[in-house]
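Enquirer: What follows is a single structure, and I will ask about it in a moment.
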Amino acid sequence: MLVQDYLENSAARHPEKVALVCGEQRFTYSQLDAMANRLANSLRMDGVRRGSFVGIHLHNSLEAVVSIFAVLKADATFVVINRNMKTEKLTSILNNCDAVALLTDQRVLGQVTAEGLMEKVGSLKSIVCCGGSAGSKAENVRVYADVQSIGDARRPVRKGIDLDLACLIYTSGTTGEPKGVMCGHSNIVFVNDSIVSYLKHRQTDVVLSVLPLAFSYGLYQMLATFAVGGTFVLEASFAFPTVVLERMAKERVTGFAGVPTIFSLLLGMDLVAYDLTSLRYLSSAAAALPEEHAKRLRQSFANAELVIMHGLTEVARTMYLPSDQVLARPGSSGIAIPGTELWIESEGGERLGAGEIGELVVRGRHVMRGYWKDTALSAQRFRPGPFAGEQVCYSGDLFRVDEAGYFYFVARKDDIIKSRGEKVAPREVENAIYSLKGVQEAAVIGVPDPMLGQVIKAFVLAPGTGLTSASVIAHCKANLEDYMVPRAVEFVNEFPKTESGKIQKNKLR
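Per our numbering, the sequence shown runs over residues 1 to 509.
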């Protein structure tokens, strides 16, 4: 089983079924498969081979979806790079993975010519421009529309096996430079099938995603939908929430994938104006969903299941919380996804029991291959497992587990605040702040203090509420231990975030 089989198998079973909706455009499985074949054959003609890396630098679009499957059909490895990434970082990633081809758009090629890109990235041999003219007459520059009008739609002969790399996903990370996580076909197929299982995906599903395909959460929403022959509704972003809600109602969407930031915005809207009765599930990942928001989502979408998930790029998913446990186990991130094993470990390597806090360790076939060209960092994150010949992933996340086996996120190891000799998990303070009416987002950090080591500072987004620093601090005093109460509160109009929606706490001061 290879990743492209999700498209090819559904094209064989349901050739005329709508697979993808982009804006007002609709494409069947047979159309998508043929488009991917044409592009794959063109890439092969330009020298893309098994083991080659191909960059995809496009907004959520038909061309982005086709490009992912075309690269796989060419037996190569795709590298989806967030379209908002600037040229300097784009070229850095392309150089890091020795990309031989790039699929991008006219806007990028208007800022830096195809020839200029090839000069900056020595390994780059061909470029495909998606949308408009490439603005270059170079022999190794193609126009996507031309490829689709004259290309060979026959399926390329397959040479790859499931041990081959399917993609490099560069982690968004809240600190440091992006790292390329090596994802094999077997890794992706395993975790995708697990997601299909616990989200109960079915052929009749219509799944809408506003998440970038460069982000593993968005990528797996697409793959899971195609795996069962469902319909995938791809939006460019959540920049215009009313447009997205109208699309959900029009397409009778059954599944919606979001991040806490998106759900915070939804909860501030008048949802009565939209017919969302077709929704079967909502899923939340990327960052911890505040307990208060989880309660309100269950109330606002009473007929839909809410599935909370935890994951990291290095394994895609670790756990999920079934909808019937969201209110019963507030704050829990859930249980291990099917086919995997999780445990909590102390700094000394000892497995910890219920109620104890330690680092989450992940075991399963979804543990990726490591970081591209970084053996030292790979050795820190991916270590030998309990049985010979395997590796497990040390997540860098602190968790505790209850007697029933449900896990609770505490903090990133690097986020723990040490104040007055006590360790403070930012999420506990943030949850207390979220219980204040009207708080959309909150983030808590430690600020250096010569006497206490660190003091707690809270950043709050709560437009139009009338909240003050004094009222937030008073609320925290009434609900938290003294050492957990923020010393200062700053109100913000927006938070710095990664492309996956995580608040970048390293940029808060």
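Quick reminder that beta carbons are idealized off the backbone N, C-alpha and C, glycines included. Predicted, not measured: the structure shown is a model, and the values here were computed from it.
Report the rounded CA-to-CA distance for Gln221 versus Leu452, giving the unit in angstroms.
Expert: 45 Å
Enquirer: Would you call the CB atoms of Ala304 and Leu279 closer than 7 Å?
Expert: yes
Enquirer: Mind checking who Thr104 pairs with in its DSSP beta bridge?
Expert: Cys129
Enquirer: Can you tell which of Thr87, Lys437, Ile93 has its C-alpha closest to the C-alpha of Lys295?
Expert: Lys437
Enquirer: Can you round the beta-carbon distance between Val100 and Val66 to whole angstroms, since I take them to be within the 8 Å contact cut?
Expert: Wrong, their Cβ atoms sit about 19 Å apart, outside the cutoff.
Enquirer: With burial defined as no fewer than 16 other Cβ atoms inside 10 Å of the residue's Cβ, what is the status of Lys373: buried or exposed?
Expert: It counts as exposed.
Enquirer: When you compare only the Cα positions, how much space is there between Lys86 and Lys413?
Expert: 30 Å
Enquirer: Can you name, in chain order, every residue of its own chain whose Cβ lies under 8 Å from the Cβ of Thr465, other than the five neighbours on each side?
Expert: Leu436, Lys437, Gly438, Val439
Enquirer: Can you look up Met484 in the DSSP assignment and give me helix, strand or coil?
Expert: helix
Enquirer: How many angstroms separate the CA atom of Cys97 from the CA atom of Ile56?
Expert: One C-alpha to the other measures close to 12 Å.
Enquirer: Give the secondary structure of Phe190 by DSSP, where H, G and I count as helix, E and B as strand, and everything else as coil.
Expert: helix
Enquirer: Go to Phe409, then tell me how far its beta strand (DSSP E) extends in each direction, as first and last residue.
Expert: Phe409 -> beta strand (DSSP E) spans 407 to 412.
Enquirer: Assuming Val71 is part of the alpha helix (DSSP H), what are its boundary residues?
Expert: Element bounds for Val71: 62 to 73.
Enquirer: Could you tell me whether the stretch 465 to 479 touches the stretch 410 to 424, where touching means 3 or more Cβ pairs closer than 8 Å?
Expert: Cβ pair count under 8 Å is below three, so no.
Enquirer: Under 7 Å, do Thr313 and Ser216 count as touching if we go by C-beta distance?
Expert: With contacts defined by Cβ atoms closer than 7 Å, Thr313 and Ser216 form a contacting pair.
Enquirer: Which residue or residues does DSSP assign as beta-bridge partners of Thr231?
Expert: As computed with DSSP, Thr231 is found in a beta bridge with Val206.
Enquirer: Restricting to Cα atoms, I'd like to know which of Val108, Leu94, Ala76, Asp75 is closest to Arg83.
Expert: Val108
Enquirer: If contacts are defined as beta-carbon pairs under 8 Å, then Phe232 and Ala19 qualify, I think. What distance do you get, rounded to the angstrom?
Expert: 7 Å
Enquirer: Can at least three beta-carbon pairs, one atom from the stretch 362 to 369 and one from the stretch 324 to 334, be found at a separation below 8 Å?
Expert: no
Enquirer: Would you mind giving the Cβ-Cβ distance between Val259 and Ala285, rounded to the nearest angstrom? I have them listed as a contact below 8 Å.
Expert: Taking the Cβ atoms as the reference, Val259 lies roughly 7 Å from Ala285, within the contact range of under 8 Å.
Enquirer: Look up Arg400 in the DSSP assignment and say whether it is helix, strand or coil.
Expert: strand
Enquirer: According to DSSP, is Val80 part of a helix, a strand, or is it coil?
Expert: strand
Enquirer: When the Cβ atoms of the stretch 16 to 33 are set against those of the stretch 58 to 65, are three or more pairs found closer than 8 Å?
Expert: yes
Enquirer: Taking buried to mean at least 16 other C-beta atoms within 10 Å of its own C-beta, is Ile169 buried or exposed?
Expert: In summary, Ile169 is buried, with 16 or more beta-carbon neighbours lying within 10 Å of its beta-carbon over all protein chains present.
Enquirer: Just to confirm, is the Cβ distance from His14 to Gly180 under 7 Å?
Expert: No. Outside cutoff.
Enquirer: Is Tyr274 helix, strand or coil when you go by DSSP?
Expert: Shown here, Tyr274 sits in coil according to DSSP, grouped into three states, outside any helix or strand.
Enquirer: Specify the secondary structure class of Pro322 as computed by DSSP and reduced to three states.
Expert: coil
Enquirer: Which one or two residues does DSSP pair with Lys159 in a beta bridge?
Expert: None; Lys159 has no bridge partner.
Enquirer: Can you list, in chain order, the residues of its chain whose CB lies under 8 Å from that of Lys507, leaving out five sequence neighbours each side?
Expert: Pro496
Enquirer: Would you tell me roughly how many angstroms separate the C-alpha atoms of Ser123 and Thr104, rounded to the nearest one?
Expert: 16 Å
Enquirer: Are there 16 or more other CB atoms within 10 angstroms of the CB of Pro178, so buried, or fewer, so exposed?
Expert: buried
Enquirer: Using DSSP's beta-bridge definition, name the partner residues of Thr28.
Expert: Val18
Enquirer: DSSP on Glu246, reduced to helix/strand/coil?
Expert: DSSP places Glu246 within a helical segment (H, G or I) once states are collapsed to three.
Enquirer: Val429 by DSSP, collapsed to three states: which one?
Expert: helix
Enquirer: If you reduce the DSSP assignment to three classes, tell me which class Gly334 lands in.
Expert: In the three-state reduction of the DSSP assignment, Gly334 falls in the strand class.
Enquirer: Find out if the Cβ-Cβ distance for the pair Ala432, Leu377 is shorter than 7 Å.
Expert: no
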